[in-house]
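The structure under discussion appears below in the form of structure tokens.
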Amino acid sequence: MSGTIKTYIKWIGALLLLSFLIIIYKRYSPMDSSWFPKCPFRSLTGLQCPGCGSQRAIHDLLNLDILGAFRENALMVVSIPYIVTAFILNPSTTLLQSC
């Protein structure tokens, strides 16, 4: 199998996985569903870590509730455009390149 075909297969697999996760996060709320992992730091200490609320914020963003997402985790909401821009401008940083 040539390198180009392997690259296409990796990208297709990544896109399918991303699509599946988007559907799950849009349809099911992390607050109401037991499918989603809970924050181990918060479970042990009762304190919120910087990542707490990220799953709920993703759910809110996919359902176009920007203010709700910002209330759940403002850091994640603000950082998403920067992360997406970094992947678009420098695709060599993607995880698929190292596979």
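Heads up, the sequence shown is in the numbering used here, so the first residue is 6 and it goes up one at a time.
The C-beta atom is built at its ideal place from N, Cα and C for all residues, glycine as well.
*asked:* Can you look up G58 in the DSSP assignment and give me helix, strand or coil?
replied: If DSSP states are grouped into helix, strand and coil, G58 belongs with coil.
*Whole-Å CB distance - D1 paired with A79, under 8 Å assumed*: Beyond the ends of the chain as shown, which are 6 and 104, falls residue 1; an answer cannot be given.
*Check the Cβ-Cβ distances between M81 and every residue of chain B, and say whether any is below 7 Å.*
Any reference to chain B falls outside this structure, which holds one protein chain only.
_Close-in-space but distant-in-sequence residues of the same chain around Y33 (CB under 7 Å, 5 per side omitted)_ = These residues qualify, in order along the chain: W40.
*Run through DSSP, which three-state label would G18 get?*
G18: helix per DSSP, three-state reduction.
*Where do the ends of the alpha helix (DSSP H) carrying L94 lie?*
A79 to L94
_Validate contact between the region 34-54 and the region 14-24 using beta carbons, cut 8 Å, 3 pairs_ = no
_Going by DSSP, what residue range makes up the alpha helix (DSSP H) through S48?_
P45 to T50
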